[in-house]
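Novice:
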Amino acid sequence: MDVLFWNKEMETLPRPKLEELQLQRLQKTVEQALKTPFYQRRLGKAGISSGGSFRNLKDLQNVPFTSKDDLRKNFPFGLLAVDLDQVVRLHSSSGTTGIPTVIYLTQEDLNRWTDLVARCVVATGCTKKDVFQNMMTYGLFTGGLGLHYGAERVGMTVIPIGGGNTQRQVQVMKDFKTTTLHITPSYLLHIHTKLAEYNMDPGELFLKRAFLGAEPYSENTRRKLEELYGIDAFNSYGLSEMNGPGLAFECVYKRDMHVWEDAYIVEIIDPGTGRALEDGQKGEVVFTILTRDAMPLLRYRTRDLAFLHPEACPCGRTHRRLSRILGRTDDMLIINGVNVFPSQIEEVIMSIPEVGTNYQIQIDKTGALDRLTVKVEIYAKMFTGEASAIDALKTRITEKLRASITINPRIELHEPGVLPAFEGKAKRVVDRREAL
Amino acid sequence: MAQQLTIFVENRPGRIKSVSDILMANNLNIWAFAIQDRGEFGLIKVVVDRPEQARLALADHGFACALKDVLAVTAPDKPGNLDRLTTALLNSNVNIADAYGFVTPNDRQGMCFLEIKNAQEVNLEEVVTAAGFTIVKDEDLYEV
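Protein sequences appear in the order of chains A and B. Take the first sequence: its position 43, counting from 1, is numbered 42 in numbering that gives the first Met the number 0, and each next residue is one higher. Take the second sequence: its position 83, counting from 1, is numbered 82 in numbering that gives the first Met the number 0, and each next residue is one higher.
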């Protein structure tokens with residue numbers, strides 16, 4: 000397999016050297032953090048008064064965690080470590096759950112971020128010959144502009160189309176011979192259901208690959224998308240607090256996402272106790288950003304659940320790989336006392352060819368018990384017309400789900416195209432239990 | 000052999016009309032129809048004069064639908080005729096999965112459509128004709 004690098008020296012830096020660099024940068028980052036009122040208080044309480052007190056990377060574990068709530072409570076400038084006139088860009092989360100969280104970048108921060116994104120793009124095999132259709136929302140959301148700048152730096156032809164308007168998206172793909180998409184998995188699934196309507200076949204397009212991000216999805220969804228379009232689909236992971244995309248990305252081997260460890264320290268912790276876990280163990284992902292002067296964040300809790308691969312990747316990069324996000328510490332559903340992640344349900348549904356790609360999870364209360372209903376759509380092309388086959392299908396879905404989540408779900412079959420398909424972040428869970 | 004189109008629909012108001020709207024828009028003529036209630040959903044079964052066109056029209060609107068062969072039999076409307084037919088079929092071990100029938104009031108002609116599970120194993124034409132019934136010819140059902 001052809002392995003391309005953007006910054007080969009850094010991407011293949013031997014681990015001891017990489018960790019040495021991390022320590023140097025951590026010391027600098029702590030110094031920078033101490034310029035903010037928030038970290039003066041937070042680190043002061045933990046007895047940390049200078050970056051020089053960090054002798055090795057393990058010392059990081061004495062640093063208290065930073066949470067999204069901390070960012071909200073210190074909105075808007077409590078974590079800003081430079082004068083505002085040094086800031087050239089700010090990004091913000093959508094703030095749908097309350098006060099938005101904001102991040103700030105200096106010109107150098109922006110430059111370093113763009114470079115990380117360029118690494119990601121090249122790692123998937125992109126070159127300046129590729130045409131890049133960026134279908135993520137532009138604006139305050141980091142996904143759009145982040146990839147835009149990175150792809151531009153690589154020299155790709157960037158089409159800054161943004162999200163929505165499916166018919167136009169498809170026409171643009173055709174007209175400009177787009178090779179590479181940046182898109183949410185649910186939107187890419189949705190577009191496929193529309194192609195027939197536009198009298199278009201995926202074979203008429205020139206697509207080679209898609210960068211999928213901004214929402215969790217399963218390995219089966221990836222395979223389905225790769226088959227439907229005849230492309231390679233690459234996983235991207237980012238969160239605005241860590242600049243957005245460019246944090247972790249898959250290389251051509253598609254064996255989970257390299258975290259750029261010269262720019263981030265990644266830890267996996269037990270979400271209950273906060274204790275650090277070994278590579279290979281699943282837990283909450285925690286990041287420290289080492290390359291952002293305007294707004295340092297130390298041990299930021301993502302609430303995302305994943306694990307780190309201990310083995311090296313055949314591509315030669317020394318930066319460890321993060322698994323796909325297996326769930327959220329806060330979107331975990333507790334159904335009759337059992338922990339269930341929507342991703343487990345998606346995994347099962349995507350493995351059954353007779354049902355479509357849209358689904359919805361509904362939880363109701365009947366008496367003292369919770370009842371889980373999984374709504375799926377019949378996949379038109381696999382429909383045989385036999386009532387007995389439909390019964391058998393329902394039984395099969397029920398049994399597969401029970402084997403995965405240990406709960407007996409009720410399966411509801413729907414006509415194709417009836418369940419809501421979202422053009423942005425998919426919202427698949429409807430919890431109708433009353434809040435306690 | 001006659002062809003029946005089976006359409007998957009959710010069990011809620013307006014779904015039959017959504018199918019009949021499309022059949023009408025394509026000027027399709029319905030010979031017979033039945034609906035199998037399966038609780039949260041139903042299966043609409045129709046026999047029309049242009050089965051493939053009906054299937055394509057419904058599929059274009061996103062419906063899950065499939066064509067299958069069914070046995071279309073006619074007989075004069077007389078007491079005991081259904082029993083004579085089912086006796087003949089039973090004697091040849093024919094397994095009926097589903098069936099619907101009706102009588103046209105003016106010419107007192109009975110007609111029924113049968114979904115046969117083991118159609119491959121039996122010479123249906125021979126069994127039905129030997130019992131004195133008529134299998135409806137394709138040219139009588141379909142526009143050629």
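Glycine included, every Cβ here is placed at the ideal spot set by N, Cα and C. Just so we're clear, the structure is a prediction, and the values are computed from it rather than from any experiment.
So, I182 (chain A) versus A209 (chain A), is the Cβ gap smaller than 7 angstroms?
Specialist: Closer than 7 angstroms, so yes.
Novice: Does the distance from the CB of C312 (chain A) to the CB of R320 (chain A) come in under 7 angstroms?
Specialist: Yes, the Cβ-Cβ distance between C312 (chain A) and R320 (chain A) is below 7 angstroms.
Novice: Please list the terminal residues of the continuous beta strand (DSSP E) segment that includes L368 (chain A).
Specialist: First-last of the beta strand (DSSP E) with L368 (chain A): 368-377.
Novice: Skipping 5 residues on each side, what residues in its chain have a beta carbon closer than 7 angstroms to that of T86 (chain B)?
Specialist: Around T86 (chain B): no qualifying Cβ.
Novice: Quick one: what does DSSP say I21 (chain B) is sitting in, helix, strand or coil?
Specialist: Three-state result, I21 (chain B): helix.
Novice: Quick one: measure Cβ to Cβ for Y252 (chain A) and C314 (chain A), integer angstroms, because I've assumed they're closer than 8 angstroms.
Specialist: Right, the Cβ-Cβ distance comes to about 6 angstroms (below 8 angstroms), so this counts as a contact.
Novice: Residues in the stretch 392-416 of chain A with C-beta within 8 angstroms of chain B's C-beta atoms, listed in sequence order?
Specialist: Hits within the stretch, in order: E411, L412, H413, E414, P415, G416.
Novice: Per DSSP, what are the beta-bridge partners of D36 (chain B) in this structure?
Specialist: Beta-bridge pairing links D36 (chain B) to B:G41.
Novice: For the pair the stretch 145-157 of chain A and the stretch 118-136 of chain A, tell me if three or more CB-CB distances fall below 8 angstroms.
Specialist: Segments in contact, yes.
Novice: Straight-line CA distance for L435 (chain A) to I406 (chain A)?
Specialist: Residue placement at L435 (chain A) is poorly supported in this model, since its pLDDT is 46, which falls under 50; the coordinates still yield a value, given next. About 22 angstroms.
Novice: Of all the alpha helix (DSSP H) runs that stay within the bounds of the stretch 200-261 of chain A, which reach a length of 4 or more residues?
Specialist: The stretch 200-261 of chain A contains these whole alpha helix (DSSP H) runs: 218-228.
Novice: Taking the alpha-carbon positions, what's the K393 (chain A) to S387 (chain A) distance?
Specialist: Using only the alpha carbons, I get a separation of about 10 angstroms.
Novice: I'd like to know whether the C-beta atoms of F132 (chain B) and A74 (chain B) end up nearer to each other than 7 angstroms.
Specialist: Going by C-beta atoms, F132 (chain B) is nearer than 7 angstroms to A74 (chain B).
Novice: Just grab the DSSP bridge partners of E124 (chain B) for me.
Specialist: None; E124 (chain B) has no bridge partner.
Novice: Check whether the stretch 346-357 of chain A and the stretch 281-290 of chain A touch, using three or more Cβ-Cβ pairs below 8 angstroms as the test.
Specialist: Verdict: no, contact absent.
Novice: Following the continuous alpha helix (DSSP H) through G109 (chain B), name the residue where it begins and the one where it ends.
Specialist: Segment 108-115 is the beta strand (DSSP E) holding G109 (chain B); no alpha helix (DSSP H) there.
Novice: When the cut-off is 7 angstroms and only beta carbons count, does G38 (chain B) lie next to chain A?
Specialist: No, because no Cβ of chain A sits closer than 7 angstroms to the Cβ of G38 (chain B).
Novice: Which partner residues of I411 (chain A) appear in the DSSP bridge assignment?
Specialist: First, the amino acid is wrong: residue 411 (chain A) is Glu here, not Ile. Its beta-bridge partners are A:K374.
Novice: Where DSSP assigns a beta bridge to N73 (chain A), which residues make up the other side?
Specialist: Beta-bridge pairing links N73 (chain A) to no other residue.
Novice: Indicate the three-state DSSP secondary structure (helix, strand or coil) for P313 (chain A) in the structure shown.
Specialist: DSSP places P313 (chain A) in coil when its eight states are reduced to three.
Novice: Closer than 8 angstroms is the cut-off here; do at least three beta carbon pairs connect the stretch 269-276 of chain A with the stretch 8-17 of chain A?
Specialist: Segments in contact, no.
Novice: Does I182 (chain A) get closer than 7 angstroms to chain B when you measure Cβ to Cβ?
Specialist: No - not a single Cβ of chain B is within 7 angstroms of the one on I182 (chain A).
Novice: When we look at the beta-carbon of R14 (chain A) and count the other beta-carbons within 10 Å, is it buried (16 or more) or exposed?
Specialist: When all chains shown are included, R14 (chain A) counts as exposed.
Novice: Among the residues of its own chain, which have a CB less than 8 angstroms from the CB of G229 (chain A), if the five just before and after it don't count?
Specialist: Result list for G229 (chain A): P201, G202, L206, in chain order.
Novice: Name the one or two DSSP bridge partners that D430 (chain A) has.
Specialist: Beta-bridge pairing links D430 (chain A) to A:I362.
Novice: Taking C-alpha atoms, which residue in A:A391, A:E414, A:R291, A:V373 lies nearest to T105 (chain A)?
Specialist: Looking at the Cα atoms, A:R291 is the closest of the given residues.
Novice: Could you compute how far the alpha carbon of Y358 (chain A) sits from the alpha carbon of I6 (chain B)?
Specialist: Cα to Cα, Y358 (chain A) sits roughly 21 angstroms from I6 (chain B).
Novice: Please work out which residues of its chain come closer than 8 angstroms, Cβ to Cβ, to L25 (chain A), disregarding the five sequence neighbours upstream and downstream, and give them in chain order.
Specialist: For L25 (chain A), where only same-chain residues beyond five positions count, the Cβ hits under 8 angstroms are G50, F53, L56, L59, I264, T287, L289.
Novice: Less than 7 angstroms between CB atoms is the rule here; does I102 (chain A) satisfy it with respect to chain B?
Specialist: No, no contact with chain B.
Novice: Could you have a look at L435 (chain A) and say whether DSSP puts it in helix, strand or coil?
Specialist: Because L435 (chain A) sits at a pLDDT of 46, beneath the cut-off of 50, its placement in the model cannot be relied upon, and the point is left open.
Novice: I need the straight-line Cα distance from L70 (chain A) to V86 (chain A), nearest angstrom please.
Specialist: Near 18 angstroms, if we compare the C-alpha coordinates of V86 (chain A) and L70 (chain A).
Novice: Please report the distance separating the alpha-carbon of N92 (chain B) from that of D430 (chain A).
Specialist: Approximately 51 angstroms between the Cα atoms of the pair.
Novice: Let's see if you can read the secondary structure: which residues bound the beta strand (DSSP E) around T179 (chain A)?
Specialist: First-last of the beta strand (DSSP E) with T179 (chain A): 179-182.
Novice: How should D129 (chain A) be labelled, buried or exposed, when 16 other C-beta atoms within 10 angstroms of its C-beta is the threshold for buried?
Specialist: Label assigned to D129 (chain A): buried.
Novice: Can you look up H90 (chain A) in the DSSP assignment and give me helix, strand or coil?
Specialist: In this structure, H90 (chain A) counts as strand in the three-state DSSP scheme.
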